[in-house]
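Q: Chains as they are written, first to last, in UniProt numbering: chain A, 1 to 385; chain B, 1 to 153. The beta carbon of each residue, even a glycine, is placed where N, CA and C say it ideally should be.
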Amino acid sequence: MARRVAIVGTGQTDHRSHRPDVNGREMIYEAVKRALDDCELSIHDIDAVVIGNMDHFESINYVDTWSVEGSGAVMKPIMKVTTGGTTGTSVAIAAYYHVASGLFDRVLAIGWEKNSESDTTAAIITCSDPIWDRFSYSGAIPSLATEASAYMKQYGATQEDAARVAVRDRTHALNNPHAHLRRPITVEDVMASPMLAYPIKLLDVCPRTDGAAAVVFAADGVAQKIAPKPAWIRACAVRHTYTWFGDVDYNAGLVSLQGASREAYQQAGIRNPAEDIDVAELYLPYSYAGLKWIEELGFCGPGEGPGFIQDGHTDMGGKIPVNPSGGVISTNCIGATALLRVAEAAGQVMGKASQRQVPDVEVALATGFGGCFWSDMVILGTVRP
Amino acid sequence: MTVNLDQVEPLTLKGQIAVPYTWWVGEVGSKFLIALRDEAKIIGNRCTKCNTTYVPPRKNCGSCFTDIYEFVELGNEGIVSAHTVVRFKYPLQPVESPFAYALIRLDGADVGLVHIIKRDLDRLKNGVRVKAQFKDPSERTGHILDIDSFQII
Ligand SMILES: [Zn+2]
Numbered sequence: 001m002a003r004r005v006a007i008v009g010t011g012q013t014d015h016r017s018h019r020p021d022v023n024g025r026e027m028i029y030e031a032v033k034r035a036l037d038d039c040e041l042s043i044h045d046i047d048a049v050v051i052g053n054m055d056h057f058e059s060i061n062y063v064d065t066w067s068v069e070g071s072g073a074v075m076k077p078i079m080k081v082t083t084g085g086t087t088g089t090s091v092a093i094a095a096y097y098h099v100a101s102g103l104f105d106r107v108l109a110i111g112w113e114k115n116s117e118s119d120t121t122a123a124i125i126t127c128s129d130p131i132w133d134r135f136s137y138s139g140a141i142p143s144l145a146t147e148a149s150a151y152m153k154q155y156g157a158t159q160e161d162a163a164r165v166a167v168r169d170r171t172h173a174l175n176n177p178h179a180h181l182r183r184p185i186t187v188e189d190v191m192a193s194p195m196l197a198y199p200i201k202l203l204d205v206c207p208r209t210d211g212a213a214a215v216v217f218a219a220d221g222v223a224q225k226i227a228p229k230p231a232w233i234r235a236c237a238v239r240h241t242y243t244w245f246g247d248v249d250y251n252a253g254l255v256s257l258q259g260a261s262r263e264a265y266q267q268a269g270i271r272n273p274a275e276d277i278d279v280a281e282l283y284l285p286y287s288y289a290g291l292k293w294i295e296e297l298g299f300c301g302p303g304e305g306p307g308f309i310q311d312g313h314t315d316m317g318g319k320i321p322v323n324p325s326g327g328v329i330s331t332n333c334i335g336a337t338a339l340l341r342v343a344e345a346a347g348q349v350m351g352k353a354s355q356r357q358v359p360d361v362e363v364a365l366a367t368g369f370g371g372c373f374w375s376d377m378v379i380l381g382t383v384r385p
Numbered sequence: 001m002t003v004n005l006d007q008v009e010p011l012t013l014k015g016q017i018a019v020p021y022t023w024w025v026g027e028v029g030s031k032f033l034i035a036l037r038d039e040a041k042i043i044g045n046r047c048t049k050c051n052t053t054y055v056p057p058r059k060n061c062g063s064c065f066t067d068i069y070e071f072v073e074l075g076n077e078g079i080v081s082a083h084t085v086v087r088f089k090y091p092l093q094p095v096e097s098p099f100a101y102a103l104i105r106l107d108g109a110d111v112g113l114v115h116i117i118k119r120d121l122d123r124l125k126n127g128v129r130v131k132a133q134f135k136d137p138s139e140r141t142g143h144i145l146d147i148d149s150f151q152i153i
């Protein structure tokens, strides 16, 4: 029988394209200190640490041991978890497992990336199978462009529809002092930005960011003593599917997210997502995902994404605000990106999201996305499950 | 029908990963490397909580998990606390063998600085005193090998 678990503290760096003042380990330290300060714990209160990034982005292959000075894991159990784009939700869910298992009471999850240190595309292609996919379909853009084209053909969505998602996220980022890109953009700006691979243009995609995030998980009975209003884990779901990029059925939708959300909604007792969920921090690495993936999540029906966005339902003050933080399109420190979704969702539940707070949040949703169309999902709530 | 290796040639594909990296040294590490480059000086810093003097200096103490503020200038001399003499040759070695990798406890430091010793290897044993030999100023770039090597005194 799993123990109940809650998030009691979060911390993140002020994300930038470059952080010349710190190396990776020092940047991790910054996020960890902020998370500990947030819940008024000392590193000595932490029983175990889970950390993740993408090895090839910094060429650090043993981040668990290399980072201990910054993570605070000196002479503590520490485990590295790395799953590509979903790394951040994987470390969160692994930390949850640690505490739910009953073996640890207070566990720190850390995600980080120094994207400025490498060639992101050169590093990212190492996620593709070296024999079958790497030479013929590599990097992040081709598969996303295929998905976007298929969606446009299927439902008649336009480039302007997608641009509205980028504009929303970049507008929301103005409320987030930690966000990397904090300049507003318009639909016209997106449309005028350089075409990368049809239909994806420069302002449709996430940036490369230096940043780190840290989240403290605590067990039932311990959590209530640490935080006045802990963010309880109501559900976690993981769906990773990949061996062959060519096996993906681009007309079937993001099946990993469909599967993860079905399971998570069942765990959390959510029947009508757009009504039952108060705010969502979604791992949307490019604008078209903001149209299509909200359909997989059941916020609206198939093909209704563009109208749902245009009607403002996902804006601040809307039916289900999406990405009050500005999302991935405003900040993308890859190993931290999905953990930031969890941290931001927790901040919303705990009522600590300051200028980006959605009023009266009881249930918040966070997702992770990575590699070949993988999805993770975490649902947090004010009510102890 | 199954395929066995005696019926098919087992192919391999050649690959090579060559990703360029630019690691940020950070403000604390940069101060150390700039002192090597511009002043031929070795600096460390001291955690005032546990009184450990670290070299190279670092932003925080891993054990105390607190910031470190106090820089200290260390001497260019110290003693060898551990070493190994390398006899085999490999392209990634900093210099051609034979040479020694050594942990050097600089005067005033509480941890070892890892570096190399190139000469007098027959006299090398733990406890011998060594001195940093800096490269010529024109060859120094802000790199740990701006100290060319340590020399047995
Ligand atoms: Zn100390």
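As an exercise, report each continuous alpha helix (DSSP H) stretch of at least 4 residues that is fully enclosed by the region 57 to 145 of chain A, in chain order.
A: The qualifying runs are 63 to 66, 68 to 71, 87 to 100 and 120 to 124.
Q: With a threshold of 8 Å on Cβ separation, who are the neighbours of B/Pro57 within its own chain once the five nearest residues in sequence on each side are excluded?
A: Excluding residues within five positions, the ones whose Cβ falls inside 8 Å are Val28, Gly29, Lys31, Phe32, Ile43, Gly44, Asn45, Ile68 and Phe71.
Q: Taking 8 Å as the threshold (C-beta atoms), are B/Val55 and B/Leu74 in contact?
A: Going by C-beta atoms, B/Leu74 is nearer than 8 Å to B/Val55.
Q: Examine ligand 1 and report whether any of its heavy atoms sits within less than 7 Å of the Cβ of A/Ser42.
A: Answer for A/Ser42: no, Cβ out of range of ligand 1.
Q: Out of A/Glu58, A/Asn61 and A/Lys80, which one is the CA nearest neighbour of A/Gly52?
A: Out of A/Glu58, A/Asn61 and A/Lys80, A/Lys80 has the C-alpha closest to the C-alpha of A/Gly52.
Q: Classify B/Lys14 as buried or exposed, calling it buried when 16 or more other Cβ atoms lie within 10 Å of its own Cβ.
A: Label assigned to B/Lys14: exposed.
Q: Could one say the Cβ of A/Asn23 lies closer than 8 Å to chain B's Cβ atoms, at least one of them?
A: Chain B contact via Cβ: present.
Q: Going by the CB atoms, is the gap between A/Phe217 and A/Val99 shorter than 8 Å?
A: Yes. Within cutoff.
Q: Measuring from the CB of B/Lys49, is there a heavy atom of ligand 1 at a distance below 7 Å?
A: Answer for B/Lys49: yes, Cβ within range of ligand 1.
Q: Taking 8 Å as the CB-CB limit, is B/Tyr21 close to chain A?
A: Interface residue, yes.
Q: Does the distance from the CB of A/Pro306 to the CB of A/Met316 come in under 8 Å?
A: Not closer than 8 Å, so no.
Q: For A/Tyr29, would you say it is in contact with chain B, using Cβ-to-Cβ distances shorter than 8 Å as the test?
A: Cβ-Cβ to chain B under 8 Å: yes for A/Tyr29.
Q: Is there contact here, the region 262 to 277 of chain A with the region 144 to 159 of chain A, by at least three beta-carbon pairs under 8 Å?
A: Result no; under three Cβ-Cβ pairs closer than 8 Å.
Q: I need the straight-line Cα distance from A/Trp132 to A/Cys372, nearest angstrom please.
A: Their backbone Cα atoms lie some 14 Å apart in a straight line.
Q: Less than 8 Å between the beta carbons of B/Gly62 and A/Val74, yes or no?
A: Their beta carbons are under 8 Å apart, which means B/Gly62 touches A/Val74 by this criterion.
Q: By Cβ distance, which residues of its chain are closer than 7 Å to A/Val91, with the 5 residues on each side in sequence left out?
A: Counting only Cβ-Cβ distances below 7 Å, and skipping sequence neighbours, we find Val50, Ile51, Gly52, Val81, Ala109, Ile110, Gly111 and Leu339.
Q: Is the shortest distance between the beta-carbon of A/Ser59 and the beta-carbons of chain B less than 8 Å?
A: Yes, A/Ser59 lies at the interface with chain B (some Cβ there is under 8 Å from its Cβ).
Q: Just reading off the alpha helix (DSSP H) that A/Arg34 is part of, what are its end residues?
A: A/Arg34 -> alpha helix (DSSP H) spans Gly24 to Asp38.
Q: Rounding to the nearest angstrom, what Cα-Cα distance links A/Ile60 and A/Val363 in this structure?
A: About 37 Å.
Q: Using a Cβ-Cβ cut-off of less than 8 Å, give me the residues of the region 86 to 119 of chain A that come near chain B, in sequence order.
A: Answer set for the region 86 to 119 of chain A: Lys114, Ser116, Glu117, Ser118 and Asp119.
Q: What is the C-beta distance between A/His15 and A/Gly211, in whole angstroms, given that I count them as a contact (C-beta under 8 Å)?
A: Indeed, because the Cβ distance is near 4 Å, the residues count as touching under 8 Å.
Q: With DSSP as the reference, label B/Glu70 as helix, strand or coil.
A: DSSP places B/Glu70 in strand when its eight states are reduced to three.
Q: In chain B, which residues lie with their C-beta within 7 Å of the C-beta of A/Thr243?
A: Within chain B, no residue comes near A/Thr243; the closest Cβ sits about 17 Å away, beyond 7 Å.
Q: Helix, strand or coil, according to DSSP, for A/Met377 in the structure here?
A: Correct three-state label for A/Met377: strand.
Q: Identify whether A/Ile46 lies in helix, strand or coil by the three-state DSSP scheme.
A: Three-state result, A/Ile46: coil.
Q: Could you tell me the alpha carbon to alpha carbon distance between A/Asp21 and A/Ala231, rounded to whole angstroms?
A: A/Asp21 and A/Ala231: Cα-Cα distance of roughly 33 Å.
Q: I'd like the ranges of any alpha helix (DSSP H) spanning at least 4 consecutive residues and lying wholly in the UniProt domain "Thiolase C-terminal" (257 to 379) of chain A.
A: Listed in chain order, they are 273 to 276, 289 to 296, 305 to 310, 327 to 330 and 334 to 350.
Q: With distances taken Cα to Cα, identify the nearest neighbour of A/Gly327 among A/His178, A/Gly72 and A/Ile43.
A: Selected option, being the one with the closest Cα: A/His178.
Q: Answer yes if the region 107 to 115 of chain B comes into contact with the region 373 to 384 of chain A, meaning at least three C-beta pairs across the two stretches below 8 Å, and no otherwise.
A: These segments do not touch.
Q: Quick check on DSSP: helix, strand or coil for A/Arg384?
A: Here A/Arg384 sits in coil by DSSP.
Q: Taking just the CA atoms, how far does A/Asp129 sit from A/Glu275?
A: Distance between the alpha carbons of A/Glu275 and A/Asp129: 41 Å.
Q: Looking at A/Ser71 and ligand 1, is the gap between the Cβ and the nearest heavy atom below 7 Å?
A: No, the beta carbon of A/Ser71 sits no closer than 7 Å to any heavy atom of ligand 1.
Q: Fully enclosed by the region 84 to 115 of chain B, which beta strand (DSSP E) runs are 3 residues long or longer?
A: Listed in chain order, the complete beta strand (DSSP E) runs (minimum 3 residues) inside the region 84 to 115 of chain B are 99 to 106.
Q: For A/Val238 versus A/Ile334, is the C-beta spacing smaller than 8 Å?
A: For A/Val238 and A/Ile334, no; Cβs fall outside 8 Å.
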